[in-house]
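> Its first residue numbered 420, the sequence shown is counted upward by one per residue in the numbering used here. From the three backbone atoms N, C-alpha and C, an ideal C-beta is built for every residue, glycine too. Since this is a predicted model, take the numbers as computed values, not measurements.
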Amino acid sequence: PTRWGNGAASFESYGFDLYRESTFGLAYSGGFREKFIYGIEANYYHVAIKDGGSAGTIGFDAGLLFKIHPYVTVGFTSRNINQPVIAHDELAQVMALGVSVNMFEPLTINADLYKDVRYDTDIRVGAEYEVIHQLFLRVGVASKPSSFSAGLGFDFGIGMIDYALYTHQDLGVTHAVSASLHLQRQPIRKIQ
Numbered sequence: 420p421t422r423w424g425n426g427a428a429s430f431e432s433y434g435f436d437l438y439r440e441s442t443f444g445l446a447y448s449g450g451f452r453e454k455f456i457y458g459i460e461a462n463y464y465h466v467a468i469k470d471g472g473s474a475g476t477i478g479f480d481a482g483l484l485f486k487i488h489p490y491v492t493v494g495f496t497s498r499n500i501n502q503p504v505i506a507h508d509e510l511a512q513v514m515a516l517g518v519s520v521n522m523f524e525p526l527t528i529n530a531d532l533y534k535d536v537r538y539d540t541d542i543r544v545g546a547e548y549e550v551i552h553q554l555f556l557r558v559g560v561a562s563k564p565s566s567f568s569a570g571l572g573f574d575f576g577i578g579m580i581d582y583a584l585y586t587h588q589d590l591g592v593t594h595a596v597s598a599s600l601h602l603q604r605q606p607i608r609k610i611q
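Encoded structure:
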């Protein structure tokens, strides 16, 4: 973080030797008067198929957060605003509108409307509970398709480690692990 805003870089990879999807991202965020936060991100998407070649494209995301009350935050995000195409396939263009309520310090309740322009609107509800200092338990459900998720997160001040599992009626269980490192120590889990 700087007085002009925050920067971030990300990398995600999914797949194996025969098929791999990778995403590299650069993001920037800033805010006004601790009540309004905005962010933008540029992502480079790459797909590689063994003996089938590879392709890449760039997509842009944007988001807004409004702290409308000390306990209530409202957010909006739009992913792949520029409607990117990779190897003749349109990437998912997604919009989400959500609210987060934190009336009781260890518990945060979240709900959002999630809309992929190709599918019906999905209603998602989740909760995060701080079990002990810096250790978070998370659960969530989604309506379309019907799914359940759960996970744990540990915030160690200069970064976070998260684990989650997602269930899907057709695809089964998916596991996810993430780690982040802050170049400058951050206040733990607070929107500033």
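Tell whether a beta-carbon distance below 8 Å holds between G517 and N529.
Locating residue 517 in the sequence shown gives position 98, counting from the first residue. Locating residue 529 in the sequence shown gives position 110, counting from the first residue. Yes; because the gap between Cβ atoms is below 8 Å, this pair is in contact.
> Roughly how many angstroms separate the alpha carbons of D535 and K486, rounded to a whole number?
As a first step, residue 535 must be located in the sequence shown, where it is residue number 116. As a first step, residue 486 must be located in the sequence shown, where it is residue number 67. Cα to Cα, D535 sits roughly 25 Å from K486.
> For the beta strand (DSSP E) containing V544, list its first residue and its last residue.
In the sequence shown, residue 544 corresponds to position 125, counting from 1. Taken as a continuous stretch (DSSP letters only), the beta strand (DSSP E) holding V544 covers D541 to I551.
> What number of angstroms, rounded off, separates the C-alpha of H465 from the C-alpha of F523?
Working through the sequence shown from its first residue, we reach residue 465 at position 46. Working through the sequence shown from its first residue, we reach residue 523 at position 104. Approximately 42 Å, taken between the alpha carbons.
> Would you kindly work out how many angstroms separate the C-alpha atoms of Q611 and V520, rounded to a whole number?
Residue numbering aside, residue 611 sits at position 192 when the sequence shown is read from its first letter. Residue numbering aside, residue 520 sits at position 101 when the sequence shown is read from its first letter. Its pLDDT being 37, under 50, Q611 is placed unreliably in this model, and the coordinates cannot settle the point.
> So K469 and D436 are in contact, right, with Cβ under 8 Å, and what is the actual spacing, rounded?
Residue numbering aside, residue 469 sits at position 50 when the sequence shown is read from its first letter. Residue numbering aside, residue 436 sits at position 17 when the sequence shown is read from its first letter. Contact holds; Cβ gap of about 6 Å.
> For A561, which residues from the same chain have a beta carbon less than 6 Å from its beta carbon, with the 5 sequence-adjacent residues on both sides left out?
What you label residue 561 is simply residue 142 of the sequence shown in a count that begins at 1. So the list reads D541 and R543, once near-sequence residues are dropped.
> Could you work out which residue in E440, P564, F573 and S429 is closest to R557 when comparing CA atoms only?
Position 138 of the sequence shown, counting from 1, holds the residue named residue 557. Answer by Cα proximity: F573.
> DSSP three-state call for R557: helix, strand or coil?
Indexing the sequence shown from 1 puts residue 557 at position 138. In this structure, R557 counts as strand in the three-state DSSP scheme.
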